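Protein sequences appear in the order of chains W and E.
If you read the first sequence in this note's numbering, its first letter stands for residue 121, the second for the next number, and so on.
If you read the second sequence in this note's numbering, its first letter stands for residue 121, the second for the next number, and so on.
2 protein chains.
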Amino acid sequence: MPRIVVDVMPKPEILDPQGKAIAGALPRIGLTGFAGVRQGKRFELTVDGDVTPEVLEQARHAATTLLSNPVIEDVTRVEVIEEDEQ
Amino acid sequence: MPRIVVDVMPKPEILDPQGKAIAGALPRIGLTGFAGVRQGKRFELTVDGDVTPEVLEQARHAATTLLSNPVIEDVTRVEVIEEDEQ
């Protein structure tokens, strides 16, 4: 069945404590090539049937109302992915 | 500065209670086009300098050791993204 991916990231101006914690841990395990980390969420919605424009609109609606908090997060992607694609 | 995206998703055989909760909530707000939802994580690592093969290898190492739990999660993507790309 086709899937729609929704990516949600903290807004750039919002502090991201999880990302900060990871950025602080990287050098402790010897990984020094990075200047910062942000942690967001990734959702895969499995579509029941074909991906119609209506279903895509439903996914966009879900992204902004249920899957993200628009005060602190941005929806950065709502996209159909192929079966073998990530 | 260039960024590397790491996507981490729960393994298919692992129960995903957050995804299940979202899948249950969708029809309650009138969104009936979906058969299931899985929730994972998305990380953006900002690279300090250029993306060398060494830095990419560091990102892969971080993905499997720090950013995911290999018992219950799969790293589904480690990829450089362009400045305007998500």
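Beta carbons are placed, not taken as given, at the ideal position from N, Cα and C, and that holds for glycine.
All of these numbers come straight from a predicted model, not from anything done at the bench.
Using a CB distance cut-off of 8 Å, residue 157/E counts as an interface residue toward chain W.
In its chain, beyond the 5 residues on either side, 146 have a beta carbon closer than 6 Å to the beta carbon of residue 154/W.
Residue pairing for residue 165/W: DSSP places it in a beta bridge opposite 124/W and 157/E. Contacts with chain W (Cβ-Cβ distance below 7 Å) from the region 140 to 168 of chain E involve 142, 145, 146, 149, 151, 153, 154, 155, 156, 157, 158, 159, 160, 161, 162, 163, 164, 165, 166, 167 and 168, listed in chain order. Under the Cβ criterion of 8 Å, residue 185/E is counted among the residues facing chain W. Identification of chain E residues near residue 175/W by a Cβ-Cβ cut-off of 7 Å yields 153, ordered along the chain. In the structure shown, the three-state DSSP call for residue 147/E is helix. As computed with DSSP, residue 201/W is found in a beta bridge with 123/W.
In the three-state DSSP reduction, residue 133/E falls in the coil class, being neither helix nor strand. Separation of residue 121/W and residue 137/W (C-alpha to C-alpha, rounded to the nearest whole angstrom) is 36 Å.
Contact between the region 148 to 163 of chain E and the region 172 to 189 of chain W is present: 3 or more CB-CB pairs across the two stretches fall below 8 Å. Secondary structure of residue 184/E (DSSP, three-state): helix. Only exposed fits residue 133/E, as fewer than 16 other CB atoms lie within 10 angstroms of its CB.
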